[in-house]
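Peer 1: I have a structure I would like to understand better, so I am pasting it below and will then ask my questions one at a time.
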Amino acid sequence: MDGNGRWAHNKGESRQYGHKVGSSKVYDVFKICTDLGCKSATFFAMSSENMQRDNNETEFISQLLESSIKKHYLDLLENKIKFKVIGDTSSLTNDIKNLINTTEQATKKFTEFKMYIAYNYGGQWDIINAIKIAISNNDSITPNTLSQYLSTENDFPDLIVRTGGYKRLSNFMLWQTVYSELVFLDILWPEISRRDIALIFEQYTDTKRNFGIVK
Numbered sequence: 000m001d002g003n004g005r006w007a008h009n010k011g012e013s014r015q016y017g018h019k020v021g022s023s024k025v026y027d028v029f030k031i032c033t034d035l036g037c038k039s040a041t042f043f044a045m046s047s048e049n050m051q052r053d054n055n056e057t058e059f060i061s062q063l064l065e066s067s068i069k070k071h072y073l074d075l076l077e078n079k080i081k082f083k084v085i086g087d088t089s090s091l092t093n094d095i096k097n098l099i100n101t102t103e104q105a106t107k108k109f110t111e112f113k114m115y116i117a118y119n120y121g122g123q124w125d126i127i128n129a130i131k132i133a134i135s136n137n138d139s140i141t142p143n144t145l146s147q148y149l150s151t152e153n154d155f156p157d158l159i160v161r162t163g164g165y166k167r168l169s170n171f172m173l174w175q176t177v178y179s180e181l182v183f184l185d186i187l188w189p190e191i192s193r194r195d196i197a198l199i200f201e202q203y204t205d206t207k208r209n210f211g212i213v214k
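Start counting the sequence shown at 0; every next residue gets the next number (numbering that gives the first Met the number 0).
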């Protein structure tokens, strides 16, 4: 979800405007993905590093998270979509944390579709947090035990798409992306269209994935 600020700047608008438009696209993009056969999708709304930005910007994005959940709460229930916010949410207000918890609890039994929002998330944080949980449970540190304690549990992405032109993961799901296909787009997040997503899915389905095994 990269490029909101640059998109707004190109239009002579504020960064907040760009984030607002970018946020408004998330649920629509998720529905496009499910229409094309995707069952689980994670949207990288705010990285651990992004939290170092101006307080006004980080607070505005947290408010967008709150308003988006409220707007689509009934949609999540009606379409049986499991919803989860991954990342360190300790800095959020109690009202937002309570809203997240209520929504997660209301949708936790849904299994067909999963929608994750990564807020104050970092792959390094995720790995360290998983190790801490494993140690507290007296579990040995193995790939299998670590995977189950990650914020996404064993739900690893087959495909990573980054808009905005940069060709790097930027601390996103460092453990989970071990065999993910990577797509980097020059378009900015608010510009992404159904056609763009359909082309990505078409290219992905044509990709042969051997996972390191010679076939």
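Virtual Cβ for every residue (Gly too), placed ideally from N, Cα, C. It should be emphasised that the depicted structure is a prediction, and the values quoted were computed from it without experimental measurement.
G164 to R5, Cα distance in whole Å?
Peer 2: C-alpha separation (whole angstroms): 11 Å.
Peer 1: Contact between the segment 187 to 199 and the segment 70 to 87 is defined here as three or more beta-carbon pairs at a separation below 8 Å; is this criterion met?
Peer 2: The segment 187 to 199 vs the segment 70 to 87: no contact.
Peer 1: Would the segment 125 to 143 count as touching the segment 91 to 104 if we require 3 or more Cβ pairs under 8 Å?
Peer 2: Taking 8 Å as the limit for Cβ pairs, the verdict is that the segment 91 to 104 does not touch the segment 125 to 143.
Peer 1: Residues in the same chain with beta-carbon distance under 7 Å from N170, minus the five sequence neighbours each way, listed in chain order, please.
Peer 2: Around N170: S46, S47, E48, G121, G122, Q123.
Peer 1: Is there a Cβ of chain C sitting closer than 9 Å to that of S179, yes or no?
Peer 2: In summary, chain C is missing from the structure at hand, where a single protein chain is found.
Peer 1: Whose C-alpha, out of K79, P142, V160, is nearest the C-alpha of E152?
Peer 2: Nearest C-alpha to E152: P142.
Peer 1: Excluding five sequence neighbours on each side, which residues of the same chain lie with their C-beta closer than 7 Å to the C-beta of D138?
Peer 2: Contacts found: T144.
Peer 1: What does a CB cutoff of less than 8 Å around I126 pick up in its chain, not counting 5 residues either side in sequence?
Peer 2: Closer than 8 Å at Cβ, skipping near neighbours: L145, L149, L173, W174.
Peer 1: Can you check DSSP and say which residues form a bridge with K113?
Peer 2: For K113, which the question treats as bridged, DSSP gives the partners S39, K81.
Peer 1: Less than 9 Å between the beta carbons of F29 and A117, yes or no?
Peer 2: Going by C-beta atoms, F29 is not nearer than 9 Å to A117.
Peer 1: Taking the alpha carbon of I114 as the point to measure from, which residue in S13, I191, H71, R193 has its own alpha carbon closest?
Peer 2: For clarity, residue 114 is Met in the given sequence; the question names Ile instead. Checked all of S13, I191, H71, R193; the closest Cα to M114 is H71.
Peer 1: Let's see if you can read the secondary structure: which residues bound the beta strand (DSSP E) around L158?
Peer 2: Its beta strand (DSSP E) spans residues 158 to 161.
Peer 1: Between the beta-carbon of H18 and the beta-carbon of I60, is there less than 9 Å?
Peer 2: Their beta carbons are under 9 Å apart, which means H18 touches I60 by this criterion.
Peer 1: Using only the alpha-carbon positions, how far apart do A44 and K108 sit?
Peer 2: Roughly 24 Å between the two C-alpha positions.
Peer 1: Could you pull out every residue in the same chain whose Cβ sits closer than 7 Å to the Cβ of I199, ignoring the five residues on either side in sequence?
Peer 2: Within the same chain, I199 has close Cβ partners V160, V182.
Peer 1: Looking at the unbroken alpha helix (DSSP H) that takes in F200, where does it start and where does it end?
Peer 2: Residues 193 to 204.
Peer 1: Leaving out five residues on either side along the sequence, give the residues of the same chain with a beta carbon under 8 Å from the beta carbon of M0.
Peer 2: Closer than 8 Å at the Cβ level, and outside the excluded window around M0, lie G21, V25, F42, F43, A44, T162, W188.
Peer 1: Using C-beta distances below 7 Å, list every residue in its chain close to A197, excluding the 5 sequence neighbours before and after it, in chain order.
Peer 2: So the qualifying residues of the chain are L35.
Peer 1: Given a threshold of 16 other Cβ atoms within 10 Å of its Cβ, counted over all protein chains shown, does N3 qualify as buried or as exposed?
Peer 2: Classification for N3: buried.
Peer 1: Compare the Cα-Cα distances from S13 to each of E56, Q62, N119 and report the closest residue.
Peer 2: For S13, the nearest C-alpha among the options comes from E56.
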